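Step one of this worksheet: look at the structure below.
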Amino acid sequence: MNGSLTTRSKLHEWVDKRFLVSPLITKAQRTINFALPSTLTRQNRSRILWFTYPYYYAGAVTAFLAILQGITGLLLAFNYIPSAVGDPGAATPAYLSVQVIMKGVPLGALIRGIHQWGANLLVAALVIHAFWAFFRNPYRIGRELTWFLGVASLGLALAYSFTGYLLPWDQLGYWAATISIQIMRAIPLLGDFLAQILLGGTGLTTNTLSRIYFYHVSLLPVVALAIVGAHMLLVIIQGVSEPEEAWKTKTEKQVAPLFGQFFPQQIAPVMIIALVTLGMVILLGTFAAQVPGDPANKFLTPQFIVPEWYFLWAYGLLKWVGWLYDLAHFVPPASVYGVDLLSAKVVGILMAALMFLAVLLLPLIDRGKEVRALRRPLKTAIGVWAIGFLATLTLYALNEIVSADLSIKIDMVNSILGSIVIVLPVVAAAPFYFMLRRRLTKGVP
Amino acid sequence: MTEKPATRSRTKSLRSISRRQLVKLLVSIGLMGTVGSFLSLLTSLLPGSSASLGPTDNILRYGPEKGTWYSPKAGSEVKLEDFDQVGKGAGVLWGGSIPAIIFRVDEGKLQGATANNGLIAFASACTHLCCIATWHLDRPNENVLFCRCHDGIFDPYVIVKDVMPNGAEYQGAKVIGGPPPRAAPLIPLEIKDGKVTVAPSSLDIFSYCE
Numbered sequence: 034m035n036g037s038l039t040t041r042s043k044l045h046e047w048v049d050k051r052f053l054v055s056p057l058i059t060k061a062q063r064t065i066n067f068a069l070p071s072t073l074t075r076q077n078r079s080r081i082l083w084f085t086y087p088y089y090y091a092g093a094v095t096a097f098l099a100i101l102q103g104i105t106g107l108l109l110a111f112n113y114i115p116s117a118v119g120d121p122g123a124a125t126p127a128y129l130s131v132q133v134i135m136k137g138v139p140l141g142a143l144i145r146g147i148h149q150w151g152a153n154l155l156v157a158a159l160v161i162h163a164f165w166a167f168f169r170n171p172y173r174i175g176r177e178l179t180w181f182l183g184v185a186s187l188g189l190a191l192a193y194s195f196t197g198y199l200l201p202w203d204q205l206g207y208w209a210a211t212i213s214i215q216i217m218r219a220i221p222l223l224g225d226f227l228a229q230i231l232l233g234g235t236g237l238t239t240n241t242l243s244r245i246y247f248y249h250v251s252l253l254p255v256v257a258l259a260i261v262g263a264h265m266l267l268v269i270i271q272g273v274s275e276p277e278e279a280w281k282t283k284t285e286k287q288v289a290p291l292f293g294q295f296f297p298q299q300i301a302p303v304m305i306i307a308l309v310t311l312g313m314v315i316l317l318g319t320f321a322a323q324v325p326g327d328p329a330n331k332f333l334t335p336q337f338i339v340p341e342w343y344f345l346w347a348y349g350l351l352k353w354v355g356w357l358y359d360l361a362h363f364v365p366p367a368s369v370y371g372v373d374l375l376s377a378k379v380v381g382i383l384m385a386a387l388m389f390l391a392v393l394l395l396p397l398i399d400r401g402k403e404v405r406a407l408r409r410p411l412k413t414a415i416g417v418w419a420i421g422f423l424a425t426l427t428l429y430a431l432n433e434i435v436s437a438d439l440s441i442k443i444d445m446v447n448s449i450l451g452s453i454v455i456v457l458p459v460v461a462a463a464p465f466y467f468m469l470r471r472r473l474t475k476g477v478p
Numbered sequence: 042m043t044e045k046p047a048t049r050s051r052t053k054s055l056r057s058i059s060r061r062q063l064v065k066l067l068v069s070i071g072l073m074g075t076v077g078s079f080l081s082l083l084t085s086l087l088p089g090s091s092a093s094l095g096p097t098d099n100i101l102r103y104g105p106e107k108g109t110w111y112s113p114k115a116g117s118e119v120k121l122e123d124f125d126q127v128g129k130g131a132g133v134l135w136g137g138s139i140p141a142i143i144f145r146v147d148e149g150k151l152q153g154a155t156a157n158n159g160l161i162a163f164a165s166a167c168t169h170l171c172c173i174a175t176w177h178l179d180r181p182n183e184n185v186l187f188c189r190c191h192d193g194i195f196d197p198y199v200i201v202k203d204v205m206p207n208g209a210e211y212q213g214a215k216v217i218g219g220p221p222p223r224a225a226p227l228i229p230l231e232i233k234d235g236k237v238t239v240a241p242s243s244l245d246i247f248s249y250c251e
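Those protein sequences? They're chains A and B, same order as listed. Here the first sequence stands for residues 34 to 478, numbered as in this note's numbering. Here the second sequence stands for residues 42 to 251, numbered as in this note's numbering.
Encoded structure:
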């Protein structure tokens with residue numbers, strides 16, 4: 034014991050002499066210990082923070098999963114071959130190498146399963162984290178940058194999963210990517226140029242796989258490290274945004290956390306949640322890993338083609354706008370000032386882009402000082418509407434499957450689901466708006 | 042002590058620029074040149090001119106869809122005799138690169154064009170986002186070209202005039218549902234000795250997905 038301590042202090046001294054870290058560590062410790070919502074801990078008199086405030090840990094779970102993705106991805110990269118050379122419908126080296134990972138490499142299937150499920154759970158955690166932030170309003174003045182970087186990381190996560198989805202070069206990945214490329218091409222004025230720069234062509238070729246692979250394993254990690262690093266640095270410097278309940282007892286003076294320091298006391302629940310997440314990912318990866326489908330064939334679109342669940346809303350949006358146009362018997366002009374601007378395709382894409390832009394610029398749009406969700410009838414109602422809209426669009430994306438499974442005529446299914454997309458979000462949001470407004474005018478504290 | 046040179050340079054600058062300004066100017070030009078020359082390297086991101094796009098010949102071959110009447114014939118040349126009844130159709134490949142749908146029409150109902158020996162063919166890459174449309178596979182009871190991706194529907198019995206984004210005018214199956222922005226291009230056919238091929242036609246129209 035004594036010996037190891039001496040070794041440790043010797044090591045510390047050695048490092049400190051060369052890198053002058055002692056003052057930095059002391060400073061970081063002080064910062065980090067005030068970074069977590071200490072008043073919250075004190076007020077609830079509970080060690081189990083995550084039990085009462087589970088969404089505070091969505092960000093930590095995301096970070097943990099990102100590290101896990103890095104490790105498993107690194108292992109997969111040892112065996113994957115990014116080559117799509119071969120006839121359409123034939124197994125390409127990329128496709129075969131994924132087969133080898135699944136069947137030949139020791140524990141390969143498990144690693145791939147973890148990587149796959151890790152990606153799914155990461156997006157899920159990120160979405161929860163984002164909606165939490167929307168309602169809890171931590172992006173108030175002084176913290177806008179954290180929000181911008183957070184939305185950028187959401188975009189990065191989607192870019193990661195999009196590029197990762199194509200790598201096995203199977204039918205689903207291939208067609209998901211084809212659709213995405215054509216969507217990119219439909220961006221007014223810039224589309225073709227962007228597609229050529231980013232993907233090496235206006236169609237999906239062997240060049241595209243090289244670029245996509247480079248983005249997935251090389252470019253995105255660097256960008257992600259910078260953006261997510263800055264996001265987390267801001268959280269550490271500014272502290273976790275405390276929920277409204279904590280304010281009631283907030284004093285002017287900063288008080289040391291009741292349950293001790295960030296490390297190890299406060300990090301403990303994070304560790305517990307991380308372990309539970311790890312267990313879940315391993316279980317899912319072991320028992321529910323997806324095997325790639327048929328090799329990609331550019332002459333054959335598979336039936337019931339669907340993207341990953343978190344892209345379903347966008348996929349549904351494209352279908353839904355087409356349905357709306359049919360419903361209104363609206364035939365858009367072929368071009369507006371020489372640009373294809375009003376076709377269902379472009380309108381769908383522009384709508385999705387606008388939604389993303391609105392989310393990104395939220396701190397600039399919403400400058401209200403009131404942060405409590407229950408005192409913001411309009412904002413809360415818009416949030417509920419957005420959740421409803423995304424959920425119903427996701428449902429609409431599955432119209433063909435619903436029609437086939439329930440053997441209802443597709444036009445019928447479209448009418449029902451299409452109307453739900455219009456009606457349900459509004460019906461869900463309206464009560465929130467009116468109840469909260471009544472609450473506000475009545476002056477409930 | 043500092044005033045004197047300053048006054049001097051101010052009076053001088055009426056006619057000429059100071060040494061500081063000159064250095065700033067030169068450094069700025071140098072920086073811009075450096076950045077510009079690095080940016081020019083980005084043009085390497087554009088794809089090089091790839092080998093021949095589009096079909097290499099005018100031959101139609103049966104496509105690879107599994108579980109269809111033509112799947113045993115996949116890769117073999119399309120014959121007139123295979124289409125023995127109205128509505129019978131197949132997914133085919135033109136010149137190994139352009140997917141198409143060919144089927145026998147009820148010639149009395151066809152509007153806007155004439156069939157060749159009762160056969161008609163369309164490029165099957167959807168004009169929406171380039172998924173491959175099908176005939177009688179997803180919608181067996183409807184005479185439509187149907188796209189599996191976003192439910193685009195074309196009526197092959199109504200041939201209309203349309204314009205491609207590159208300005209090429211063409212004839213094609215009318216859009217009757219879903220998001221496709223323009224008609225599915227009609228492929229002119231040539232039939233000799235029972236062998237179905239593509240008549241010489243402008244490739245501009247059919248390469249919209251490349």
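Note that beta-carbon positions come from the ideal geometry of N, C-alpha and C, so glycine has one too. All figures in this text were calculated on a predicted structure; none of them were measured in a lab.
Sequence-distant residues of the same chain with beta carbon closer than 6 Å to residue i, five excluded per side
| i | result |
| --- | --- |
| Y207/A | A329 |
| A219/A | K378, V379 and I382 |
| V354/A | A377, V380 and G381 |
| Y348/A | P340 and A430 |
| I125/B | As written in the sequence, residue 125/B is Asp, which differs from the Ile given in the question. So no residue of the chain qualifies. |
| W202/A | A117, T125, A127, Y128 and A329 |
| M468/A | none |
Sequence-distant residues of the same chain with beta carbon closer than 7 Å to residue i, five excluded per side
| i | result |
| --- | --- |
| M135/A | G141, A142, R145 and V324 |
| V184/A | V392 and L393 |
| C171/B | C250 |
| I161/A | Y88 and A91 |
| G108/B | none |
| T95/A | L155, A158, L159 and H162 |
| G235/B | K120, L121 and E122 |
| S194/A | A152, V156 and E341 |
Residues bridged to residue i (per DSSP)
| i | result |
| --- | --- |
| Y248/A | Its beta-bridge partners do not exist; DSSP assigns none. |
| R61/B | Looking at the DSSP assignment, R61/B forms no beta bridge with any residue, so it has no partner. |
| A141/B | V133/B and A164/B |
| T238/B | I100/B and E231/B |
| W176/B | L186/B |
| V369/A | V372/A |
Helix, strand or coil at residue i according to DSSP, with G and I counted as helix
| i | result |
| --- | --- |
| G213/B | strand |
| N157/B | strand |
| I134/A | helix |
| K120/B | strand |
| P161/A | For clarity, residue 161/A is Ile in the given sequence; the question names Pro instead. Three-state result, I161/A: helix. |
| A225/B | strand |
| Q253/B | This structure leaves residue 253/B out entirely; chain B is present only between 42 and 251. |
| D203/A | strand |
| G149/B | coil |
| F467/A | helix |
| V54/A | coil |
| G218/B | strand |
| V486/A | The shown model of chain A, from 34 to 478, leaves out residue 486/A, and the question about it has no answer. |
| E251/B | coil |
| N153/A | helix |
| K378/A | helix |
Own chain, CB closer than 8 Å to residue i, minus 5 neighbours either side, in chain order
| i | result |
| --- | --- |
| R189/B | C172, I173, A174, T175 and D179 |
| I260/A | L182, A185, S186 and L189 |
| G401/A | R409 and K412 |
| V256/A | L189 |
Problem set entry | Under 7 Å (Cβ pairs) to chain B, residues found in the region 354-370 of chain A | The residues in question are V354, G355, D359 and A367.
For this session: Using a Cβ-Cβ cut-off of less than 7 Å, list which residues of the region 171-202 of chain B approach chain A; keep chain order.
Result: Along the region 171-202 of chain B, the positions whose C-beta sits under 7 Å from a C-beta of chain A are C171, C172, I173, D179, R189, C190, H191 and D192, read in chain order.
Problem set entry | Every unbroken beta strand (DSSP E) inside the region 187-213 of chain B [3 residues or more] | For the region 187-213 of chain B, whole beta strand (DSSP E) runs of length 3 or above, ordered along the chain, are 194-204.
For this session: Give, in chain order, every residue of the region 79-90 of chain B whose Cβ lies closer than 7 Å to some Cβ of chain A.
Result: Listed in sequence order: L86, L87 and P88.
Problem set entry | Segments assigned beta strand (DSSP E), at least 3 residues, entirely inside the region 408-447 of chain A | Listed in chain order, nothing qualifies, since the region 408-447 of chain A has no complete beta strand (DSSP E) run of 3 or more residues.
Problem set entry | Contiguous alpha helix (DSSP H) assignments of at least 4 residues, all confined to the region 322-363 of chain A | Complete alpha helix (DSSP H) runs here, min 4: 345-360.
Exercise. Taking any Cβ of chain B, which residues in the region 325-339 of chain A have a Cβ under 7 Å from it, in chain order?
Worked result: Of all residues in the region 325-339 of chain A, the ones placed with a Cβ closer than 7 Å to any Cβ belonging to chain B are N330, F332, L333, T334, Q336 and I338, in chain order.
Exercise. Between the region 218-230 of chain B and chain A, which residues of the former have a C-beta closer than 9 Å to a C-beta of the latter?
Worked result: Residues passing the 9 Å Cβ filter: G218, G219, P220, P221, P222 and R223.
Exercise. Could you give the uninterrupted runs of the alpha helix (DSSP H) lying entirely in the region 215-260 of chain A, keeping only those of 4 residues or more?
Worked result: Every alpha helix (DSSP H) of 4 residues or more that sits fully in the region 215-260 of chain A is shown, in chain order, as 224-232 and 239-247.
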